[in-house]
């Protein structure tokens, strides 16, 4: 039988006012197993803690129960004190008689009785508590950042600047992401490329960053501190070590393909860099369109003109194996498919554009060098209708959520259009204008002052009639139907997470919400962590957000990663679930219920093994296990049964 | 309450066959939606059945003739006797044939084609026009006739602008608005040129060679006789 000491705190009058602590102490003294009990005004104070320490030594206590406040407040305090008294910290438990009792009752008799029940149940628990040792895991001091948009760039730079080696993996041929496609950024109208490209160059020149462009994650194993990652470097068919980036190859390549970077409004070659400021500024060959691959052996123009013989049609995909301690996922966003908004005619009416296409039209490096021109005939549009919430905030048909950035970028579009075409007439249909952000409302006011017309209502139809684009809509403020002719229509297409992301998410063993955005561990208090320890989230992959928010979140994710990666080892609470191998049948029910992927089947022994670094001690496996093999350390079934029994005893 | 009337009809129809053909868009819409709701909701079906003389088993399929023709195209084509090729027919759907899409599931609600398929099937030339799925003004003709006049005017002008000689519709109310309001349209918009409006069954009957006295063309406010004569269809 353990020798248990119980220490009851008055918490000033917080507990003592509603609980008769003297009577309580006397009652607890009589409870089986209790060797020693006393009360004190402030148990958490130094003299209070000394009471505990001295009593452990003096009365040779094996376990301690502190009846006071919530364990979230002072469990650590009293476990430290117990250690100083010579006990293992995990045989010290808190009985919460403040939040759970004195604060919520006013009848002293009832409250005292309840406090006794609470303490007795914890005494029952502590009887079976085992001394435990914290789990230590050594840390591989390297980071992996997935996605080379502004989120990934920022995270990689922050981690690398903290002195930690970082691998940045980007699936496309260049980093830069969506931000590289933008013209100017709201609300300050900084040129997007001008503020982004220095960061891109910094990434490529950083001694601590290993940039793997045109690469994808093949496999991820391991857990926090020690992930093992397989990365596929896709064959570029150009030896980037030899390539000087002179550009002869893409100048001479005879194959023209719609440019993804220009949102299909411009052309690139079959051998290409996506844009002139690409990092790395070395071309790749698009196998789908290259003549050499379509008609084996033909063409070879790029190979012939390359002055350094860098073109290598024999190149193969290479699998790299890397070990990292933490991962930042920054896989970015796509636009909601505008073709799904059939009433707006995208794809059938050439001058109906997406917001990103309009960005390219506005961009000085875009297909029209920044002149706003119609795709169909190259004419300057004199009236542009902008349709906000194209796909967003439409629960019945499209996306239920607000894509957050569209109000602001549409306002920016209207302003930049006015700047390019002075007699141009921007008309914006909106549901609400949402401008929550520093300087955002002021920017919106500026846009309306400079002549943008805002009409509150949805557009019901965009159609082409005898060469004109006609926009039908409603003005819900005046209650009138609106019919306007436009030279161009721009759809503020909603934000969706990057498509074809599911496989990567599955490999990472992290979670997505109903809209496929990555799920954070806590929506308020852990916004940059995933549910899997050591994997952090940044950017629009986690939800629609604008550039300043993305950058802030990326720095947040980076600092979380740095916190782990600058330690030699990380320590975990040992109060997690274990496996009794004698009882375990390997049925794997617990594998399915574990939200943290901490349990896996050992196929040799045919029993479950626990990845201790991942287990959060939630208890799902314990309750699902049919044989009782999955037991929480220091919260085994026997303890729970005894605790419940003691609470239900009427004494 | 709104489900009882359609259900009574479906209950009677279940003795006759598994399929109910509803040639009027509004009837089709009401029957099909009632059927849809009850197939999803057994509890409501039971409650309503308590109020019916005979209960409905929920197994009828509601069809519009356009669906029937689409699925029996060869049969229709084999019966066509007249050559309608020169007739340019603006296919007007209106609202109730197509919406609400998730309950009606008739055709693409924004870019439907089933009417054009039918018009091609009987040998005429279908004309697509952007406003073919917009509202004709519907019941507004009763208490706000000007609104219905304007709505119908826009549709007709849009169809004419895209080359239609005649309009075809499948809804009696649309037919009334588009046809009978043309006098008022002309008053409000003197430049407006009248255009004949057919119920789809009339056009089918013409193609099948049904005799003139059985076509009911005298019911049409804007007479189609001139254009039919022009293309030798009478």
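Chains as they are written, first to last, in the numbering used here: chain A, 812 to 1462; chain B, 712 to 945. A virtual CB, placed ideally from N, CA and C, is assigned to each residue, including glycine. Since this is a predicted model, take the numbers as computed values, not measurements.
Item, Value
"Do we get a CB-CB distance below 8 Å when we pair residue 834 of chain B with the residues of chain E?", "This model lacks chain E altogether; the protein chains it does include are A and B."
"Quick check on this structure: which residue in A:990, A:1255, A:1234, A:1421 has the alpha carbon closest to the alpha carbon of residue 1392 of chain A?", "A:1421"
"Would you list, in chain order, the members of the stretch 821 to 852 of chain B that have their beta-carbon closer than 9 Å to a beta-carbon of chain A?", "821, 822, 840, 841, 842, 844, 845"
"Using only alpha-carbon positions, find the residue among A:1366, A:1308, A:1332 that is nearest to residue 1351 of chain A.", "A:1308"
"At a Cβ cut of 8 Å, what residues of the stretch 869 to 883 of chain B count as close to chain A, listed as they run along the chain?", "869, 872, 873"
"For residue 1126 of chain A and residue 1167 of chain A, I'd like the C-alpha separation in whole angstroms.", "34 Å"
"Verify whether the separation of the beta carbon atoms of residue 795 of chain B and residue 833 of chain B is less than 8 Å.", "yes"
"Does the contact criterion of 3 or more C-beta pairs under 8 Å hold for the stretch 819 to 835 of chain A versus the stretch 909 to 924 of chain A?", "yes"
"Hey, residue 1201 of chain A and residue 1305 of chain A: beta-carbon distance below 8 Å or not?", "yes"
"Just by C-beta distance, which residues in the stretch 752 to 786 of chain B are closer than 7 Å to chain A?", "none"
"Determine the direct distance from the alpha carbon of residue 926 of chain B to that of residue 920 of chain B, and round the result to whole angstroms.", "10 Å"
"Consult DSSP for residue 849 of chain A and reduce its assignment to one of helix, strand or coil.", "strand"
"With DSSP as the reference, label residue 1236 of chain A as helix, strand or coil.", "strand"
"Which residues in chain A sit within 9 Å of residue 819 of chain B, going by Cβ to Cβ distance?", "1153"
"Report buried or exposed for residue 1299 of chain A, applying the criterion of at least 16 other Cβ atoms within 10 angstroms of its Cβ.", "buried"
"Whole angstroms are fine: how far does the CA of residue 1107 of chain A sit from the CA of residue 1239 of chain A?", "51 Å"
"For the stretch 738 to 766 of chain B, list the alpha helix (DSSP H) runs that are entirely contained and at least 4 residues long, ordered along the chain.", "753 to 761"
"Where residue 946 of chain A and residue 882 of chain A are concerned, what is the direct C-alpha to C-alpha distance, given to the nearest angstrom?", "21 Å"
"What's the C-alpha gap between residue 1014 of chain A and residue 1310 of chain A?", "25 Å"
"Note down the Cα distance separating residue 793 of chain B from residue 1328 of chain A, rounded to an integer number of angstroms.", "59 Å"
"What does DSSP give as the partner residue(s) for residue 801 of chain B in the beta ladder?", "B:838, B:878"
"Exposed or buried, what is residue 1375 of chain A when buried is set at 16 or more other beta-carbons lying within 10 Å of its beta-carbon?", "buried"
"What does the Cβ neighbour count give for residue 1382 of chain A, buried or exposed, with the cut at 16 atoms within 10 Å?", "exposed"
"Against residue 1274 of chain A, what residues of chain B qualify as contacts under a CB-to-CB distance less than 8 Å, listed in chain order?", "841, 842"
"Please work out which residues of its chain come closer than 7 Å, Cβ to Cβ, to residue 923 of chain B, disregarding the five sequence neighbours upstream and downstream, and give them in chain order.", "945"
"Looking at residue 771 of chain B and residue 729 of chain B, is the spacing between their C-beta atoms short of 8 Å?", "yes"
"Taking residue 1066 of chain A as the reference, give the member of A:1105, A:1227, A:1267 with the closest Cα.", "A:1105"
"Do residue 1349 of chain A and residue 971 of chain A have their beta-carbon atoms positioned less than 8 Å apart in this structure?", "no"
"Using beta-carbon positions only, say whether residue 1320 of chain A and residue 1408 of chain A come within less than 8 Å of one another.", "yes"
"Compare the C-alpha of residue 1076 of chain A against each of A:1055, A:1047, A:1185 and name the closest.", "A:1185"
"Beta-carbon separation of residue 749 of chain B and residue 714 of chain B under 8 Å?", "yes"
"Based on the DSSP secondary-structure assignment, which residues constitute the bridge partners of residue 1389 of chain A?", "A:1442"
"Residue 835 of chain B and residue 787 of chain B - do their beta-carbons sit closer together than 8 Å?", "no"
"Counting only beta-carbon separations shorter than 8 Å, does residue 1037 of chain A have a partner in chain B?", "no"
"In three-state terms, what does DSSP make of residue 920 of chain A?", "helix"
"Can you find the residues in the same chain that come closer than 8 Å, C-beta to C-beta, to residue 1232 of chain A, ignoring five residues on each side of it along the sequence?", "1183, 1191, 1192, 1193"
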